[in-house]
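Numbered per our numbering, the sequence shown spans residues 35 to 229.
All C-beta atoms, glycine included, are put in the ideal place defined by N, C-alpha and C.
Everything below concerns the one structure shown next.
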Amino acid sequence: MSAPEPLSPALRAEALEQLLVERGLVDPAGLDRLIAAYESDIGPLNGAKVVARAWTDPDYKRRLLADGAAAIAEMEFEGPRAEHIVVAENTASVHNVVVCTLCSCYPWSVLGLPPSWYKDPAYRARVVREPRAVLAEMGLRLDEDVRIVVRDSSSEVRWLVLPERPAGTEHLSEPELVPLVTRDSMVGVAKVSAP
Ligand code: FE
35 MSAPEPLSPA
45 LRAEALEQLL
55 VERGLVDPAG
65 LDRLIAAYES
75 DIGPLNGAKV
85 VARAWTDPDY
95 KRRLLADGAA
105 AIAEMEFEGP
115 RAEHIVVAEN
125 TASVHNVVVC
135 TLCSCYPWSV
145 LGLPPSWYKD
155 PAYRARVVRE
165 PRAVLAEMGL
175 RLDEDVRIVV
185 RDSSSEVRWL
195 VLPERPAGTE
205 HLSEPELVPL
215 VTRDSMVGVA
225 KVSAP
């Protein structure tokens, strides 16, 4: 007899949700509110605000790199507290890129929902073995002398990349810098471009 077909992730999630609701472990209305918040209110804009502030306020940047969760809490974003976030700074010589090799741990509170490629088993396996090739395929070609550091996120440590401030943005203010900072640059699969 052959093994049953595995259920799709959506069906498994639904089954798990039903079970948790039935056993009274979660409140369905609370769950819906949480999902709606991540879908519409909490997105990469929070992360972009953190990055723009770090670019323009050296003291804030120092605090952010020393204790990411505490420095992000200073921003008083809506929603759950950004726990376990550790920030890695990209420079001209070192490029950090984030993955969760085990599942899809991601700094939700500052980046919102993870993109589908982040959860793709191919990305998770390949970015560790051949980060330069994977980044090039995603449109980011790094010079051979740039060291690539792959950061593996987990439930205890959720990495956030502080991208490099692009040349030609020296005259821009903190609010003017915010819209330049993309989600992908904070995962480390892209750079921020000057406008
Ligand atoms: Fe994970």
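Whole-angstrom C-beta distance between residue j and residue i, which should lie under 8 Å
i, j, result
"Val144", "Leu194", "6 Å"
"Ile182", "Leu174", "Between Leu174 and Ile182 the Cβ distance is about 10 Å, and since that is not below 8 Å, they are no contact."
"Val226", "Pro200", "5 Å"
"Thr125", "Glu198", "6 Å"
Residue i vs residue j beta-carbon contact at 8 Å
i, j, result
"Gly146", "Ile119", "no"
"Val26", "Ala86", "For the chain, the structure presents residues 35 to 229; residue 26 sits outside this window and is missing."
"Cys139", "Arg158", "no"
"Asp223", "Met172", "Looking at the sequence shown, residue 223 is not Asp but Val. Yes, these two residues count as a Cβ contact at 8 Å."
"Ile76", "Glu112", "yes"
"Tyr94", "Ala88", "yes"
"Arg96", "Asn130", "no"
"Pro8", "Ala116", "Only positions 35 to 229 of the chain appear in the structure, and residue 8 is not among them; the question remains open."
C-alpha gap between residue i and residue j, whole angstroms
i, j, result
"Ile106", "Pro38", "45 Å"
"Asp91", "Ala228", "19 Å"
"Tyr72", "Gly64", "13 Å"
"Arg46", "Glu204", "49 Å"
"Glu123", "Leu98", "10 Å"
"Ser188", "Leu206", "35 Å"
"Ser127", "Ser42", "42 Å"
"Leu53", "Val60", "9 Å"
"Ala82", "Ala167", "26 Å"
beta-carbon residue i near the ligand FE non-hydrogen atom, thresh 7 Å
i, result
"Leu145", "no"
"Leu23", "No information on residue 23 is available, as it lies outside the stretch 35 to 229 that the chain covers here."
"Leu194", "no"
"Ser150", "no"
"Leu79", "no"
"Ser219", "no"
Three-state class that DSSP yields for residue i in the structure shown
i, result
"Leu50", "helix"
"Arg185", "strand"
"Asn80", "helix"
"Val161", "helix"
"Ala116", "coil"
Any chain B beta carbon closer than 8 Å to residue i
i, result
"Arg166", "Absence of chain B from the displayed structure is noted, only one protein chain being present."
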